[in-house]
Amino acid sequence: MDQITFDKYVEDRYIKQMDYYQQASAKNQKKYKQFQWVLIILSALTPVIAALNGVKSGAINIYPLINVNILVVTVSSIVAILTTGLKTFNYQELWIKYRSTYEKLKPEIYYYNFNIGPYAANDVDRESVFVTRIEAILDTEHTQWPPAKSIPNTQDKSVDPPISKK
Numbered sequence: 486m487d488q489i490t491f492d493k494y495v496e497d498r499y500i501k502q503m504d505y506y507q508q509a510s511a512k513n514q515k516k517y518k519q520f521q522w523v524l525i526i527l528s529a530l531t532p533v534i535a536a537l538n539g540v541k542s543g544a545i546n547i548y549p550l551i552n553v554n555i556l557v558v559t560v561s562s563i564v565a566i567l568t569t570g571l572k573t574f575n576y577q578e579l580w581i582k583y584r585s586t587y588e589k590l591k592p593e594i595y596y597y598n599f600n601i602g603p604y605a606a607n608d609v610d611r612e613s614v615f616v617t618r619i620e621a622i623l624d625t626e627h628t629q630w631p632p633a634k635s636i637p638n639t640q641d642k643s644v645d646p647p648i649s650k651k
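Spelled out as structure tokens, the structure:
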């Protein structure tokens, strides 16, 4: 592989993939942490709100305009919805998966530049080794995505099973 083609590959493929995985990881980490904080706060508030039911300050009810039971049920429902959303959208798993792929890609350019590891072998086309290793990392990530597609639908018998690629 000539140097111009290799430089174009690094610029158009490697760097763009690095940026993608870094941004996707950060986005999913942020969503996961936001969901978690809201869940923590609402989960902690639910028993406090429930305990306030019927609390009176002297002869005056503290919450005369709020039905505490409805508030507890509403907050509990929001907690259930957010918990289901976290499970459904897999923000934590995606964050870890994208970050893991990013971390696998990251050192390859250093191995190449410093001529170490598989790049140190004599009579080896270092550029081809780099491209092969990068594409293998990306292929591994892509074949694991999405895991739900590899599970055949056992309830709907009219759906053909997935075709394996050989």
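Quick note: this note's numbering has the sequence shown finishing at residue 651, numbered continuously throughout.
Using N, Cα and C, we set each Cβ at its ideal position, and we do this for glycine too.
- Task: Compare the C-alpha of K518 against each of E578, E612 and V616 and name the closest.
- Result: E578
- Query: Should E496 be labelled buried (16 or more other beta-carbon atoms within 10 Å of its own) or exposed?
  - Reply: exposed
- Message: Beta-carbon within less than 6 Å of R584's beta-carbon, same chain only, minus the 5 sequence neighbours each way: which residues are those?
- Response: S510
- Query: Does the distance from the CB of I619 to the CB of Y499 come in under 7 Å?
  - Reply: yes
- Task: Run the CB neighbour count on N513, radius 10 Å, all protein chains shown included, and call it buried at 16 or more, exposed below.
- Result: buried
- Tell me whether Y505 sits in a helix, a strand or coil according to DSSP, three-state version. Residue state, collapsed to three classes: helix.
- Item | For Y505 and I555, the rounded distance between their alpha carbons | The alpha-carbon atoms of I555 and Y505 are separated by roughly 44 Å.
- In angstroms, rounded to a whole number, what distance separates the CA positions of L527 and T628? Rounded to the nearest whole angstrom, the C-alpha separation of L527 and T628 is 38 Å.
- Which residues in the same chain have their Cβ closer than 6 Å to the Cβ of T586, if we skip the five residues on either side of it in sequence? Y506 and E626
- Task: Select from E612, F520, L590 and I622 the residue whose C-alpha is nearest the C-alpha of K572.
- Result: F520
- Mind listing, in chain order, the continuous alpha helix (DSSP H) runs of no fewer than 4 residues lying wholly within the region 508 to 589? With a minimum length of 4 residues, the continuous alpha helix (DSSP H) runs that stay inside the region 508 to 589 are 553 to 574.
- Message: With the cut-off set at 7 Å, would you say M486 and E612 are in Cβ contact?
- Response: yes
- From E588, L537 and F615, pick the residue whose C-alpha is nearest to that of Y597; which is it? F615
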